[in-house]
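Asks:
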């Protein structure tokens, strides 16, 4: 039984765009059948009375404790074309985060080289001479500050594993609630990182799609009115 609530933000013959709640894996979670991918397949199967296996392509992921917009492909052609857009960094993404501390500059760029520690299932900052290291670039803007915390808008230009979480941590400003990357504060709802908007080209139609998703209501209840989402 699906205990998770998610909204359908957009659906056509090629795409299914959903809101992922905090705590639910995008795909292939530790509990079989318990992921956004599994529930999306279940929805399609029931909605369209499809017999047998349902095709659904995973073209990108959000970390389990992160909320926000997730795109799935309903056809193999759409999956291939969307995956190419993500691989070629042609998809524009905006995240919102509350971090510990306040950056010195109101805006700037985080630039690191990252490696994966598969045993610990984390990302680590390395140096560019490491043959396994991959470049990670994120632009940030401080939207508001309060009581030693900052509300940030983040625009990643690369798509590395745990990129935003490790880059913010390495910069001395871990995401609130992200104990894996050094946060000393608790957050009532996973970690305070949300995939707010995404812009991409439709895989079949000649049109650009821009999706936005409001912050979870628990954020506003927890942080109060100093959190103001850009329009």
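Numbering (our numbering), first residue to last: 144 to 374.
Ideal Cβ placement from N, Cα and C applies to all residues, glycine included.
Just so we're clear, the structure is a prediction, and the values are computed from it rather than from any experiment.
(1) Quick one: which unbroken alpha helix (DSSP H) runs of 4-plus residues sit fully inside the region 288–322? Chain order, please.
(2) With distances taken between CB atoms, is the gap from residue 84 to residue 255 smaller than 7 Å?
(3) Would you check if the distance between the CB atom of residue 342 and the CB atom of residue 329 is smaller than 7 Å?
(4) Nearest by alpha-carbon distance to residue 210: which of 245, 161 and 188 is it?
(5) Where do the N-terminal and C-terminal ends of the beta strand (DSSP E) with residue 355 fall, by residue?
(6) Quick check: the Cα distance between residue 324 and residue 318, rounded to an integer number of angstroms?
(7) So for residue 260, helix, strand or coil by DSSP?
(8) How long is the line joining the alpha carbons of residue 144 and residue 169, rounded to whole angstroms?
(9) Mark residue 249 as exposed unless 16 or more other C-beta atoms lie within 10 angstroms of its C-beta, in which case mark it buried.
(10) Near residue 200, which residues of its chain fall below 6 Å by C-beta distance, leaving aside the five closest residues on each side in sequence?
(11) CB-CB under 7 Å to residue 275, same chain, minus the five flanking residues each way: which ones, in chain order?
(12) Would you mind listing the beta strand (DSSP E) stretches within the region 228–252 that are 3+ residues and don't spill past its ends, in chain order?
(13) Could you give the distance in angstroms between the alpha-carbon of residue 185 and the alpha-carbon of residue 246?
(14) Using the Cα positions of residue 157 and residue 229, report the straight-line distance between them to the nearest angstrom.
(15) Roughly how many angstroms separate the alpha carbons of residue 360 and residue 272, rounded to a whole number?
(16) Run through the region 166–224 for me and flag every whole beta strand (DSSP E) of 3 or more residues, listed as ranges in chain order.
(17) Using the C-alpha atoms, what's the distance from residue 362 back to residue 167?
(18) Is it buried or exposed, residue 213, if we count other Cβ atoms within 10 angstroms and call 16 or more buried?
(19) Leaving out five residues on either side along the sequence, give the residues of the same chain with a beta carbon under 6 Å from the beta carbon of residue 303.
(20) So, with DSSP's three-state summary, where would you put residue 368?
(21) So, residue 243 versus residue 316, is the Cβ gap smaller than 7 Å?
Replies: Working from what's here:
(1) 306–313
(2) No answer is possible for residue 84: the residues shown for the chain start at 144 and end at 374.
(3) no
(4) 161
(5) 351–355
(6) 8 Å
(7) strand
(8) Residue confidence is low: residue 144 scores 44 on pLDDT, short of 50, so the model does not pin down where it sits. Its coordinate-derived value is still stated next. Distance between the alpha carbons of residue 144 and residue 169 is about 17 Å.
(9) exposed
(10) 216 and 222
(11) 258
(12) 235–243
(13) 43 Å
(14) 16 Å
(15) 44 Å
(16) 210–216
(17) 17 Å
(18) buried
(19) 257, 277 and 279
(20) coil
(21) yes
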